[in-house]
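Sequence positions in the sequence shown follow the working numbering and run 142 to 208.
Virtual Cβ for every residue (Gly too), placed ideally from N, Cα, C.
Please read these numbers as outputs of a predicted model, since none were measured by experiment.
Structure record follows, encoded as structure tokens.
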Amino acid sequence: GLYATSLSLQHHGALDLYFTIMKQSYYNPNRCSLCSVEEISKSKDQRSECAFAVVNMKAGEKLSVMC
142 GLYATSLSLQ
152 HHGALDLYFT
162 IMKQSYYNPN
172 RCSLCSVEEI
182 SKSKDQRSEC
192 AFAVVNMKAG
202 EKLSVMC
């Protein structure tokens, strides 16, 4: 089914940030390793950034955030 997910970044440091929302299969976690769903980045000059994605997921799949 379809699921909505979002990621919001608020950081006050002087670093560039890059995150990826990934989808991983429960039944065969090594197949396709991790699949990218949405990417988000924030430069040190930005105070915040957000991403929103609708993901087609099967039973047992999970979402995670990689940086």
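With contacts defined by Cβ atoms closer than 7 Å, residue 162 and residue 179 form a contacting pair. Using a Cβ distance threshold of 7 Å, residue 195 and residue 143 count as a contacting pair. The bridge partners DSSP lists for residue 204 are 164. By the 16-neighbour rule on beta-carbons within 10 angstroms, residue 164 is buried.
Here residue 150 carries a strand assignment [DSSP, helix/strand/coil].
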